[in-house]
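Peer 1: Before anything else, here's the structure in question.
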Amino acid sequence: MKKLGIILFSFLVFIKSSSANSYSTNPQLFVTELVNDSISKLSDKNLSEEEKSKFIEVIALENVDINALSLYTLGELRKTVDKKILIEYQKAFEKYFLKSLTSRLTDYSSNQFEVISSDKKSVNYTIVKSKIKESGDQPEIKIDWRIYTKNPEKPLIRDLIVEGLSLARTQKEEFASILNSNNNDINVLISKLKEFVKN
């Protein structure tokens, strides 16, 4: 589960800075406002690592469609698994997802961020294209945001694509590898998620 580190850290950097804030329902403005607030918050040297971690955890629950992500990453197995076990998996996935974000929280220094454009794919989805500008020895990083807009009043993040690498797809492939190696036993996957959270 280590290969998601870069994507998860990139995702972490751009989480909303205050649950009290209200962002635009326009996907492009939503991302712009979210990121600008995040840069301000996470570069605050007066906040401890623990405070930032708690902050990220609460805000991720509000702005990321973790439930949909958990089902997607389970693949076709989600259609046949027992409902009670599925619920147990989703609870384990949520804790795993939040731990993955907060455990990679490090000191953050501001970067130049720019939203380039948005592409409305359907009523339910908009892709917002952005980039972190080149800074010193850090190259430019392209980031696409997959924003779910079925509820137009509450846009949600469903995926981040960093330099062509999808968080959701990468996680799905990793879970598929675990399941394939264990006769599609979802209990093994659940155990691994719980073990990650405990460590």
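First residue of the sequence shown: 120, per the working numbering; consecutive thereafter.
Ideal Cβ positions, reconstructed from N, Cα and C, are used throughout, including at glycine.
Note that the structure is predicted; figures quoted are calculated from it, not measured.
Counting only the same chain and skipping the five closest in sequence on each side, list residues whose C-beta sits under 6 Å from that of D238.
Peer 2: Taken in chain order, the residues that qualify are I246.
Peer 1: What whole-angstrom Cβ distance do E282 and I260 have, given they're in contact under 8 Å?
Peer 2: Right, their Cβ atoms sit about 6 Å apart.
Peer 1: Give the DSSP-derived three-state secondary structure of S300 in the structure shown.
Peer 2: Here S300 sits in coil by DSSP.
Peer 1: Buried or exposed: where does K252 fall if 16 or more other Cβ atoms within 10 Å of its Cβ makes it buried?
Peer 2: Exposed, because fewer than 16 other Cβ atoms sit within 10 Å of the Cβ of K252.
Peer 1: Which word fits E195, buried or exposed, when buried means at least 16 other C-beta atoms lie within 10 angstroms of its C-beta?
Peer 2: So E195 counts as exposed.
Peer 1: Measuring straight from C-alpha to C-alpha, what distance separates A187 and R277?
Peer 2: Cα to Cα, the separation comes out at about 7 Å.
Peer 1: For the putative contact between S249 and V150, defined by C-beta atoms under 8 Å, what is the C-beta separation to the nearest angstrom?
Peer 2: At roughly 6 Å, the Cβ-Cβ gap stays under 8 Å, so S249 and V150 are in contact.
Peer 1: Closest to Q290 by CA distance: which of L312, K273, N270 and E272 is it?
Peer 2: Measuring from the Cα of Q290, the nearest candidate turns out to be L312.
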